Amino acid sequence: MAPVQLDPDLLLTVVFVVSCFVTARSLWSGRKDGGRVLPPSPPPLPIIGNLHQLGRSHYHRRPRELARRHGPLFLLRLGSVPTLVVSSASVAEEVLKTQDHVFCSRPLQRTARGLLYDCRDVAFSPYGERWRQLRRIAALHLLSAKRSTPSARSGKRRSPPSWSGSAPTMRAAPAEGST
674 MAPVQLDPDL LLTVVFVVSC FVTARSLWSG RKDGGRVLPP SPPPLPIIGN
724 LHQLGRSHYH RRPRELARRH GPLFLLRLGS VPTLVVSSAS VAEEVLKTQD
774 HVFCSRPLQR TARGLLYDCR DVAFSPYGER WRQLRRIAAL HLLSAKRSTP
824 SARSGKRRSP PSWSGSAPTM RAAPAEGST
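In this note's numbering, the protein residues as written are 674 to 852.
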């Protein structure tokens, strides 16, 4: 009996398909939340997230239906952005008053990192001690009365110049053919 010889192209194709399948499965089933415990959520699709579950009309009713199924606090993925939906007054108070330090920072963006000093300025830095110091410095030095215009410092207001006496008078020229 002769040994079996495989076509190299067929072997390469099989290896490629199997590796694509393993990679796709690990991406879709792997934990992307970094080990954090997240609230319940409906299952998202890979690119559009839960946008397909919001429907074409009555956008305000669909979260109510999802809240009945998943509870007063659930997670929706709008595209690739995770969005926390709070549908109860008591849970909203917990999120906005008790746990406000967790939710108060802006999401870090690549454009802000590249263009705006790696998110270290007062507008884009994450909430924390550095942000509080930057805000205090901005309020003290940039927004105080000392830094405003010289007329505001002296308390005098300059009035706009009077143009009434110096403007030349213009008369309408009679149109041709009129009498």
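Don't be surprised by glycine CBs; every beta carbon is placed ideally from N, CA and C. Bear in mind that the values here come from a model prediction, so they are computed numbers and not experimental data.
Pairwise C-alpha distance: residue j and residue i
i: residue 795; j: residue 753; result: 26 Å
i: residue 790; j: residue 712; result: 33 Å
i: residue 648; j: residue 719; result: The requested residue 648 is not part of the displayed model; the chain covers only 674 to 852.
i: residue 747; j: residue 757; result: 6 Å
i: residue 744; j: residue 730; result: 22 Å
i: residue 751; j: residue 771; result: 26 Å
i: residue 669; j: residue 786; result: The structure shown does not extend to residue 669, since the chain is modelled only from 674 through 852, so no value can be given for it.
i: residue 814; j: residue 728; result: 50 Å
i: residue 695; j: residue 715; result: 24 Å
i: residue 698; j: residue 811; result: 49 Å
i: residue 724; j: residue 682; result: 41 Å
i: residue 806; j: residue 690; result: 54 Å
i: residue 776; j: residue 709; result: 15 Å
i: residue 774; j: residue 693; result: 41 Å
i: residue 768; j: residue 755; result: 16 Å
i: residue 803; j: residue 788; result: 19 Å
i: residue 742; j: residue 700; result: 26 Å
For residue i, the three-state DSSP class (helix, strand or coil)
i: residue 750; result: strand
i: residue 715; result: coil
i: residue 736; result: helix
i: residue 764; result: helix
i: residue 816; result: coil
i: residue 772; result: coil
i: residue 790; result: helix
i: residue 795; result: coil
i: residue 700; result: helix
i: residue 680; result: coil
i: residue 727; result: coil
i: residue 693; result: helix
i: residue 687; result: helix
i: residue 803; result: helix
i: residue 809; result: helix
i: residue 709; result: coil
i: residue 779; result: coil
Cβ-heavy atom distance, residue i to the ligand FAD, below 7 Å
i: residue 774; result: No copy of the ligand FAD occurs in the structure displayed, which carries no ligand at all.
Beta-bridge partners of residue i, as assigned by DSSP
i: residue 722; result: 718, 751
i: residue 758; result: 747
CB of residue i within 8 Å of CB of residue j, strictly
i: residue 760; j: residue 737; result: yes
Residue-level contact to chain B via CB, residue i, 8 Å cutoff
i: residue 729; result: Looking at the structure shown, chain B is missing, and only one protein chain is on hand.
Can you find at least 3 beta carbon pairs, one from the region 778-788 and one from the region 798-814, that sit closer than 8 Å?
A contact between stretches requires three or more CB pairs, one per stretch, nearer than 8 Å, and the region 778-788 meets this requirement with the region 798-814.
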